[in-house]
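The numbering of the sequence shown is this note's numbering, which starts it at 22 and goes up by one.
A quick write-up on the structure given underneath.
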Amino acid sequence: MEKGMNLLQKVLDAFGLEAEVDCEETEGVLKYSISGDDLGIIIGRRGSTLQALQLILSIVENKDEENKRFISLDIEEYRARLETSLASLAERMAEKAVREARPVSLRPMSAFERKIIHESLHDDPRVKTESDGVDPERRVIIRPD
Numbered sequence: 022m023e024k025g026m027n028l029l030q031k032v033l034d035a036f037g038l039e040a041e042v043d044c045e046e047t048e049g050v051l052k053y054s055i056s057g058d059d060l061g062i063i064i065g066r067r068g069s070t071l072q073a074l075q076l077i078l079s080i081v082e083n084k085d086e087e088n089k090r091f092i093s094l095d096i097e098e099y100r101a102r103l104e105t106s107l108a109s110l111a112e113r114m115a116e117k118a119v120r121e122a123r124p125v126s127l128r129p130m131s132a133f134e135r136k137i138i139h140e141s142l143h144d145d146p147r148v149k150t151e152s153d154g155v156d157p158e159r160r161v162i163i164r165p166d
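Written out as structure tokens, the structure is:
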């Protein structure tokens, strides 16, 4: 936990940002959160910098550890807002697929975003979801069932 906190503080310092870094461990998951003003630069376009930073954080935290832990990083509750937004999008596009009786293809998304769409519609008996294409152009297709 200390290695990750130090890494995040160094990143914030390098960008000249003042922010608060918190971490809590729940069921083997280390959840880091950063809060402050003007943190968009470390979120990046569609969360790309956030994803990269989370990967680096995971490597640093799990290096030389026998029991690897899942690392989650959120900045200004970006992930929570993204999950809500994507779940809403999934529902609207499922309605459209059913109403128009045809598949609906979503914009290309990251694996994290696609997972949210799939999970949001998993229990909806009216539709099926699948991923199609090759990264970075991989997208979710929602099909009426």
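Glycine included, every Cβ here is placed at the ideal spot set by N, Cα and C.
| Item | Value |
| --- | --- |
| Short CB-CB distance (under 8 Å) between aspartate 34 and chain C | No chain C appears in the structure shown, which is made up of a single protein chain. |
| CB of leucine 142 within 8 Å of CB of alanine 115, strictly | yes |
| Cα-Cα separation, alanine 108 to isoleucine 138 | 6 Å |
| Cutoff 7 Å; reference glutamine 30; Cβ partners in own chain excluding five residues on either side | Val42 |
| Test item: CB-CB of arginine 90 and glutamate 97 under 8 Å | no |
| For alanine 35, the first and last residue of its enclosing alpha helix (DSSP H) | 23 to 36 |
| Selected residue, minimal CA-CA separation from proline 129, among Asp153, Glu112, Leu76 and Arg120 | Asp153 |
| Run of the alpha helix (DSSP H) containing lysine 117, from where it starts to where it stops | 99 to 121 |
| Rounded separation between aspartate 58 and glycine 37 - CA only | 12 Å |
| Valine 81 - containing alpha helix (DSSP H), residue span | 69 to 83 |
| Coarse secondary structure for glutamate 41, derived from DSSP in three states | strand |
| Identified DSSP bridge partners for aspartate 59 | In DSSP, aspartate 59 forms no bridge with anything. |
| Option in Leu94, Ser126 and Ala35 with minimal Cα separation from glutamine 9 | In the structure displayed, the chain extends from 22 to 166; residue 9 sits before or after that span and is not available. |
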